[in-house]
Structures are given as C-alpha cells and as structure tokens.
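In the working numbering, the protein residues as written are 2 to 127. C-beta: ideal position from N, C-alpha, C; glycine also. It should be emphasised that the depicted structure is a prediction, and the values quoted were computed from it without experimental measurement. Here the structure is laid out as structure tokens; the discussion comes afterwards.
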C-alpha cells in the first residue's frame, strides 16, 4: 500500500510504502515546483521497471546471461478516453534472436502490464 500526503501550500506530495519514500509534484508549467515525479511519470515508471525486472527474472529462469535491460515507456493520451503505453526495450548482452524474442514476450506479460490491460475499477475505501 502507498500513502501519499500533500505538503501544505504546494502540489509537492510525499508518498511512502512504510519503508521508502519519494516525491511527486506538478511541473512549473502546471503550477508545481517540478520537485518530484509527475503522476503520469509514476505510471510510466511502474510499467518500465516491471518490464525490466521481468526480463531479469525470465533470463535467470531460462539460464540466459544478460548484461542488463532498459525499458523506455511513454503514455500516449492523444485520443480522448483511450490510453496507449508505447515502450521500447534494449537488452544488453550476447544473446540469440530466440532468447531476445522470449525476453521481449515476457516483458509484455509483466504483472503491471497485465494489471493495466485488465478491467480497472477505482473506488473509495471508506
């Protein structure tokens, strides 16, 4: 669970999971100070980090030696009421085309991708 608390007189928000904390804010162009991740940045970060973690987990499971993985995610909200996440992956290391395809496929099935592609309900919890 994440708990977010806004700082008085600003849009800067600290969010915590009980062990770690980080900041969210609006950019100056939207009235913030730009001293934290934007809320949509956090969605992009959740997907990108889940994809890279999934690649590492799958590589270890299949015995594929990779040197690292990088994922870039960008939200495209250009169509009203439709959201698209565009991403690109770079997997470093001397791996075969079949290994690369398997790791790319695994990334597309990561837990955050499955969550975002499912039916989502947002409800207030008392």
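Quiz item: Exposed or buried, what is residue 97 when buried is set at 16 or more other beta-carbons lying within 10 Å of its beta-carbon?
Solution: Residue 97 is exposed by the Cβ-count criterion.
Practice problem: Let me know if residue 2 comes out buried or exposed under the rule of 16 or more other beta-carbons within 10 Å of its beta-carbon. | Solution: exposed
Quiz item: Are three or more beta carbon pairs between the region 58–76 and the region 97–114 nearer than 8 Å?
Solution: As far as the Cβ criterion goes, the region 58–76 touches the region 97–114, which means the pair count is three or higher.
Quiz prompt | Cβ-based neighbour list, residue 111, same chain, cut-off 8 Å, excluding 5 preceding and 5 following | solution = 48, 51, 52, 54 and 55
Quiz item: Rounded to whole angstroms, how far is the Cβ of residue 76 from the Cβ of residue 41, which I believe are closer than 8 Å?
Solution: 5 Å
Self-check item: Span of the beta strand (DSSP E) around residue 17
Solution: It spans 14–17 - the beta strand (DSSP E) in which residue 17 sits, taken as one unbroken run.
Practice problem: Ignore the nearest five residues each way along the sequence and tell me which others in residue 15's own chain have a CB closer than 6 Å to its CB. | Solution: 6, 22 and 24
Self-check item: Limits of the beta strand (DSSP E) - the one that residue 70 falls within
Solution: Looking at the DSSP string, the run of the beta strand (DSSP E) that includes residue 70 is 69–77.
Quiz item: Roughly how many angstroms separate the alpha carbons of residue 83 and residue 116, rounded to a whole number?
Solution: 16 Å
Self-check item: Beta carbon of residue 46 nearer than 8 Å to that of residue 69
Solution: no
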